[in-house]
Amino acid sequence: MTGDITANRIANAIRMKDKNKTKNFLIVEGITDQVFFNKFIEKSYCDIEIAFGNLNVIAVVQNLATGGFSGAIGIIDSDFRVINGEIFGEGPIFLSDFHDLEIMFISSDTFSDVLNAYNVEQKLASQWKSYIDFRMHLFEIVKSIGHLKLINNRNNYKIKFKPDVPDGKYIDYSKFVDIKSLAYLGDKELIDTVLKYENQQAKINVDRKTLLEDIKNLDKNIDKYHLCNGHDFMQLIALALRKNISNLNSNAIGHKQIEREFALAYDSRFFKTTNLYSKIKGWEQNTGKIILNC
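To convert, note that position 55 of the sequence shown is 62 in this note's numbering; the numbers rise steadily by one, no gaps.
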């Protein structure tokens, strides 16, 4: 179980691997991050370790630094930190340019590259003029989900949007998105779906009426790239491919497969334009250590 993997355990494992002090380590949150960065690390100098969550990434890097290990950096999702005005200064730990890495993938030409593989152009063109229009449509839906997640984050309502374990059951997005038109059915349907989500084991200290009022009063002038969660985007893309836009037999497509395909398709042309890339290269220059191969 990933919940049993502590930061101290991961840090000690890294020390054991690097007895000869010849390796640097890139600490990431999860499997998609590992798939993505594995393309870009210089493997003769750097290994990747999954810490299973942003708090563990921070704790692992701090644990190593406290013990005098200077060859580790961490990468975590920005989440709502920019929107909430949080100043992040936790040592050699760098944030994604946008809410998460997946939004970085989606915001590049990788979006059309991945969808092209599913032969979607004809069906997509019948509803939207272009990939850009389709992406904008999905962004509008994910923004609505993001508003609810931001309200939950700011008010500590303890609403869960995903399972506690990787193989757990996820929210059914078709409960608030029409599978034929991919139209958003509304905030009420979204809230009802989330509140009825079977993973809500802890008591939620908020009701539907309050959440609707919170959404109504929320300042919507928010940067969508920092508001929207890429995992929601991947769920919608998987739903669209299964039910709406693909000409192939796409019934078995899941969001995890889509996330992996985006992570693999996003190449160095796009990565080199990001602030994240610049920060890692800056760290390399300042320390004389090597992480990236590009």
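Note that the Cβ used here is the ideal one computed from N, Cα and C, for glycine as well.
The beta carbon of phenylalanine 43 is closer than 7 Å to those of Leu108, Ala270 and Tyr273 in its chain, skipping five residues each way along the sequence. Beta-bridge annotation (DSSP): asparagine 31 is paired with Cys53.
Positions of the alpha helix (DSSP H) runs, each at least 4 residues long and wholly inside the region 148–220, are given as 194–202 in order along the chain.
Alanine 58 sits in coil when the DSSP states are folded into three classes, being neither helix nor strand.
In the structure shown, the three-state DSSP call for alanine 259 is coil.
For leucine 102, the enclosing beta strand (DSSP E) has its first and last residue at 100–102. Per the Cβ contact rule, the region 244–253 is not in contact with the region 99–106 (fewer than 3 Cβ pairs under 8 Å). Under the DSSP definition of a beta bridge, isoleucine 48 partners with Leu299. In the three-state reduction of the DSSP assignment, glycine 81 falls in the strand class. For phenylalanine 277, the enclosing alpha helix (DSSP H) starts and ends at 275–278. Rounded to the nearest angstrom, the gap between the Cα atoms of isoleucine 57 and glutamate 36 is 6 Å. Note that the C-beta distance between leucine 197 and isoleucine 158 is not below 9 Å.
Relative to the Cα of arginine 22, the nearest Cα in the group Ile38, Leu62, Ser51 and Thr73 belongs to Thr73.
In this structure, leucine 71 lies near phenylalanine 32, with their beta-carbon atoms less than 9 Å apart. Taking all protein chains in view, the Cβ of lysine 187 is surrounded by fewer than 16 other Cβ atoms within 10 Å, so the residue is classified as exposed. In this structure, isoleucine 252 places its C-beta atom within 9 Å of the C-beta atom of valine 127. Leaving aside the five residues that flank leucine 192 on each side, the residues in its chain whose CB is nearer than 7 Å to its CB run, in chain order, Phe183, Val184 and Asp185.
Burial state of cysteine 53 is buried, judged by a 10 Å Cβ sphere holding 16 or more other Cβ atoms. In the three-state scheme derived from DSSP, where H, G and I count as helix and E and B as strand, threonine 281 is classed as coil.
Setting aside the 5 residues that flank it on each side, leucine 234 is surrounded in the same chain by Ile90, His106, Lys150, Gly153 and Leu157, each with a C-beta closer than 7 Å to its C-beta; the list follows chain order.
By the neighbour-count criterion, in which a residue is buried when 16 or more other Cβ atoms sit within 10 angstroms of its Cβ, glutamate 220 is exposed. If you draw a 10 Å sphere on the C-beta of proline 99, you find 16 or more other C-beta atoms in it, and that means buried. Separation of the CB atoms of isoleucine 110 and glycine 237 is rounded to 4 Å, and the pair is thereby assigned contact status at 8 Å.
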